[in-house]
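Enquirer: Those protein sequences? They're chains B and E, same order as listed. Sequential numbering of the first sequence, starting at 1034, is according to the numbering used here. Sequential numbering of the second sequence, starting at 1034, is according to the numbering used here. Note that CB positions come from ideal geometry on N, CA and C, so glycine has one too. Let me give you the structure first, and then I'll get to my questions.
Number of protein chains: 2
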Amino acid sequence: MVSAFRALGDPARLEIFRLIAAQPAPICVCDVVDHFHLSQPTISHHLKVLRQAGLVSVSRRGVWAYYAANPHGLAALQESLEELTPLRLSAAG
Amino acid sequence: MVSAFRALGDPARLEIFRLIAAQPAPICVCDVVDHFHLSQPTISHHLKVLRQAGLVSVSRRGVWAYYAANPHGLAALQESLEELTPLRLSAAG
DNA sequence: CAAATATATAGACGACCGTCGATGTATATG
DNA sequence: CATATACATCGACGGTCGTCTATATATTTG
């Protein structure tokens, strides 16, 4: 298991997540693979990390796996960021 | 140079940043060292990474180096998070 | 200048990570 | 059942990372 920060820390994974998050509807793995110069197993590996970090979710239909950004994961990340925000900021704002 | 996500991806570094961000005033390295079971060079290394990621800033006074959370770094991180937030969320909210 | 303290840098080492090709698993089609 | 397609898992390999000890670089004090 890996933290959301760690998951987004890898450039390839950040780009993959960006692609998924930018979609209006879930995107299938084959389409993700087409967007990068990375092997299908590598993409699959990165998707697993993003999944375990709670950043994306999967739904299978037939042979395809559709990935979508997980709103809860992003919200949790933003909350943990706000916890990190120094008190001086809240006091000033 | 390392991204802010990557910088906060390491557990030790996240804890160090938490400590610094929780202080009402800049904290010196020796005090940071006292809070962890890590060698002084290791702490120094992590501080350098946080610095390069734009998350903390240093100010030297005499022999001491005082570290503080960099508001701009956190703000930038929050902005990049908002960019990642799927459109469905903004539409729904 | 010598000694002590605070911090940074250098170099090394083991562990972890990203990547790949090969293979496994499941679903659809003929 | 045989074949094709989509995706996941396995095993390996090179590079990166976190950690340490040793050392360098100030700065203060006597």
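1. Report back the beta-carbon spacing between B:Val1089 and B:Ile1076 to the nearest angstrom; my notes put them in contact at under 8 Å.
2. Under three-state DSSP, which class holds B:Ala1045?
3. Does any C-beta atom of chain B lie closer than 8 Å to the C-beta of E:Gln1073?
4. Nearest-angstrom Cα distance between B:His1079 and E:Arg1046?
5. Is the shortest distance between the beta-carbon of E:Gly1087 and the beta-carbons of chain B less than 8 Å?
6. DSSP beta-bridge partners for B:Val1062?
7. Our contact map puts B:Ala1037 next to B:Leu1110 with C-beta atoms below 8 Å; I'd like the distance itself, whole angstroms only.
8. Could you tell me the distance, in whole angstroms, from the CA atom of B:Glu1048 to the CA atom of B:Arg1039?
9. Within 8 Å (strictly less), CB to CB, does E:Ala1054 reach chain B?
10. Using 7 Å as the cut-off, classify the Cβ of B:Val1035 as near or not near the heavy atoms of the ligand FAD, replying yes or no.
11. Which residues mark the beginning and the end of the alpha helix (DSSP H) in which E:Ala1108 is found?
12. Run through chain B and tell me which residues come within less than 8 Å of E:Leu1110, C-beta to C-beta.
13. Would you say E:Leu1026 lies against chain B (beta-carbon separation less than 8 Å)?
14. Taking the beta carbon of B:Val1096 as the centre, do at least 16 other beta carbons fall within 10 Å, making it buried, or is it exposed?
15. Could you list the residues in the stretch 1035-1046 of chain B with a C-beta less than 9 Å from some C-beta on chain E, going in chain order?
16. Below 9 Å on C-beta distance, what does E:Ile1050 contact in chain B?
17. If the criterion is Cβ atoms closer than 8 Å, does the pair B:Ala1098 and B:Cys1061 meet it?
18. According to DSSP, which residues form a beta bridge with B:Ala1098?
Expert: Taking the definition as stated:
1. Beta-carbon to beta-carbon, B:Val1089 and B:Ile1076 are separated by about 12 Å, too far to satisfy the 8 Å threshold.
2. If DSSP states are grouped into helix, strand and coil, B:Ala1045 belongs with the helices.
3. For E:Gln1073, the answer is no, since every Cβ of chain B falls outside 8 Å of its Cβ.
4. When rounded, the separation of the alpha-carbon atoms in B:His1079 and E:Arg1046 is 23 Å.
5. At a cut-off of 8 Å, the C-beta of E:Gly1087 has no neighbouring C-beta in chain B.
6. B:Val1062 has no beta-bridge partner at all, per DSSP.
7. Contact check for B:Ala1037 and B:Leu1110: beta-carbon distance about 5 Å, within the 8 Å limit, so the pair qualifies.
8. Roughly 14 Å separates the two Cα atoms.
9. Output row for E:Ala1054: interface = yes.
10. No copy of the ligand FAD occurs in the structure displayed, which carries no ligand at all.
11. Counting along the chain, the alpha helix (DSSP H) containing E:Ala1108 begins and ends at Pro1104 to Leu1117.
12. Per Cβ cutoff of 8 Å: Leu1114.
13. Missing from the structure shown is residue 1026 of chain E; chain E here goes from 1034 to 1126 and no further.
14. Counting of Cβ neighbours within 10 angstroms places B:Val1096 among the exposed residues, the total staying below 16.
15. Under the 9 Å Cβ criterion, the stretch 1035-1046 of chain B contributes Val1035, Ser1036, Ala1037, Phe1038, Arg1039, Ala1040, Leu1041, Gly1042, Asp1043 and Pro1044.
16. A small correction: the amino acid at residue 1050 of chain E is Phe; Ile does not occupy that position in the sequence shown. Think of a sphere of 9 Å around the beta carbon of E:Phe1050: the chain B residues whose beta carbon falls inside it are Leu1117, in chain order.
17. One thing to note: B:Ala1098 has its Cβ within 8 Å of the Cβ of B:Cys1061.
18. Note: B:Ala1098 sits in a beta bridge opposite B:Arg1093.
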